[in-house]
Each structure stands twice: as structure tokens, then as C-alpha cells.
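>
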Amino acid sequence: EPEVTQTPSHQVTQMGQEVILRCVPISNHLYFYWYRQILGQKVEFLVSFYNNEISEKSEIFDDQFSVERPDGSNFTLKIRSTKLEDSAMYFCASKAVRSANSPLHFGNGTRLTVT
Amino acid sequence: ILNVEQSPQSLHVQEGDSTNFTCSFPSSNFYALHWYRWETAKSPEALFVMTLNGDEKKKGRISATLNTKEGYSYLYIKGSQPEDSATYLCAFPGGATNKLIFGTGTLLAVQP
Chain A
669 EPEVTQTPSH QVTQMGQEVI LRCVPISNHL YFYWYRQILG QKVEFLVSFY
719 NNEISEKSEI FDDQFSVERP DGSNFTLKIR STKLEDSAMY FCASKAVRSA
769 NSPLHFGNGT RLTVT
Chain B
-6 ILNVEQSPQS LHVQEGDSTN FTCSFPSSNF YALHWYRWET AKSPEALFVM
44 TLNGDEKKKG RISATLNTKE GYSYLYIKGS QPEDSATYLC AFPGGATNKL
94 IFGTGTLLAV QP
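Protein sequence lines, in the order shown, are assigned to chains A and B.
Residues 669 to 783 (the working numbering) make up the first sequence, in order.
Residues -6 to 105 (the working numbering) make up the second sequence, in order.
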């Protein structure tokens, strides 16, 4: 069964550094999402992406964050200058259609640790 | 602000016990309610997507019911097994892109 893949599985970085988290969504999916979970908290929506542009973003997704689909297969999340509070598990997800009853397919996540 | 709540936060049961947990969500503007199962070190995996009031869905020993008028869904596990140990998340689609708004999850630990 096709799956969403994320790399790396774990990233340790120093405060102020840039990180890029990578995702390869399922190939025939058109809608892409990033979520994150800070330890002990809810899974939070960051951004949705369709047709090569951001379609919705949360308050968390400020100017330090950006997303890109550079080559038609990879979907990346960049954090320009990481803060301690960016430490979290970041999940990429995709789905084929936008409808509310279409389930999301998640990757295994990237655990980001900012020191 | 849409809010999705789950209870209990965690549950410890013995193998063979049956268990259930609750998800409550806004009852207005309802489109669907999603349940996901999230095992440690794996990706969250869709269990059910429920859309109709009174709906009941089943997958093996796991089933779920839906009450859209009062805004709750129950997830039941019959005869829990250690492999059922996971976090069970419910989520409510909202916003322009039907992004999922997640509850806090229920962490289930099944002891052999």
C-alpha cells in the first residue's frame, strides 16, 4: 500500500539554525498538510497546500515557516530560525480529495529537537 | 474556535477487557468525524470516518458510534489485546480546507 514518507526521522539542531523537513506524499494525492505535536499537547494543524500554493495556515505558521513543493514529489517544511519552542514531532499528511470525509494519510513524523 | 475533547486521557486495562472512550465535538456545521489509531513510532492510521447521525462502524473488535445532534462519538474495543495499545485520536474537519482539528487523544495500555 502506498505510504507517506518523511525524512529525517529525528533532527537535532541549535536555536537559530534553519531546518528543512522533507516529505514524499502519496503520488496521486493533491492535498498536503503539515501538523505538529509538542510533547503532551494536541496534534496541531500548521498549514495546508494545494496546487502549489498555501490554501490555509494556522497562527503558529508565522514568517519563520515556509512550505514548498520543489519538484512535484517532495513537500518540504522549512523553519528559518528555530526556537526552543519549535521542538515537536512534525507530521506530513496527504489526501486525494478535499472532502471532509476523506481520511488523511500520515507519515511517521520527524522529531525535531532544538537545543 | 472549534474544540474537540476526548476522555479519558489514558486508560489501563487487562487483556480481554472491553473498553470504550469518548470524543465530543461541535454539533453545528457537522460534516464528518474521524478516528485514528496511533501506535508508538508509527504514523497515525485512519480507523473510521463517520458522517451520518446514528452511524455505527466496525473493524474487527473495534467499533464506533456517532451522535451528531449532541456532538459525541464513542469508540469501543471488545476483548482488548496488547496489540490494541495505542493512542486513539478523534478529529473534526473544519475551515476552508477541511483541515482536521484533533482531540487530545486517549492513550490505551493493554496489559497481558
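The beta carbon of each residue, even a glycine, is placed where N, CA and C say it ideally should be.
Contact criterion: CB-CB distance below 9 Å. Does Y24 of chain B meet it with respect to chain A?
Locating residue 24 of chain B in the second sequence gives position 31, where the first residue counts as 1. By this cut-off, Y24 of chain B is an interface position.
> Hey, out of A:D731, A:T744, A:Q685, A:L714, whose CA is closest to P693 of chain A's CA?
The residue labelled residue 693 of chain A in the question sits at position 25 within the first sequence. Looking at the Cα atoms, A:T744 is the closest of the given residues.
> Please determine, among B:N91, B:P86, B:Y69, the residue with the shortest C-alpha to C-alpha distance to G9 of chain B.
Here residue 9 of chain B refers to the residue found at position 16 when the second sequence is read from its first residue. Of the listed residues, the one whose Cα sits closest to G9 of chain B is B:Y69.
> Do you know offhand how far T44 of chain B's Cα is from N769 of chain A's?
As a working mapping, residue 44 of chain B is identified with position 51 in the second sequence. As a working mapping, residue 769 of chain A is identified with position 101 in the first sequence. Straight-line Cα distance between these residues: approximately 7 Å.
> For the structure I just gave you, are there three or more beta carbon pairs, one from the region 691 to 710 of chain A and one from the region 759 to 769 of chain A, closer than 8 Å?
With a cut-off of 8 Å, the region 759 to 769 of chain A and the region 691 to 710 of chain A count as touching, because enough Cβ pairs lie within range.
> Use the C-beta contact count for S66 of chain B: other C-beta atoms within 10 angstroms, 16 or more gives buried, fewer gives exposed.
The sequence position of residue 66 of chain B within the second sequence is 73, counting from 1. That one is buried.
> Got a sec: which bits of the region 766 to 777 of chain A sit with their beta carbon under 9 Å from any beta carbon on chain B, in order along the chain?
Within the region 766 to 777 of chain A, the qualifying residues are R766, S767, A768, N769, S770, P771, L772, H773, F774, G775, N776, G777.
> Does the separation of the CB atoms of V715 of chain A and I722 of chain A fall below 9 Å?
Within the first sequence, the letter at position 47 stands for residue 715 of chain A. Within the first sequence, the letter at position 54 stands for residue 722 of chain A. Yes, they are a contact pair.
> Name the chain A residues whose beta carbon is nearer than 8 Å to that of S66 of chain B?
Numbered from its first residue, the second sequence carries residue 66 of chain B at position 73. Neighbours of S66 of chain B on chain A: none; closest Cβ ~14 Å, over 8 Å.
> With a threshold of 9 Å between beta-carbons, can K62 of chain B be considered close to chain A, or not?
Taking the first residue of the second sequence as 1, we reach residue 62 of chain B at position 69. Taking Cβ atoms only, chain A never reaches closer than 9 Å to K62 of chain B, which makes this a no.
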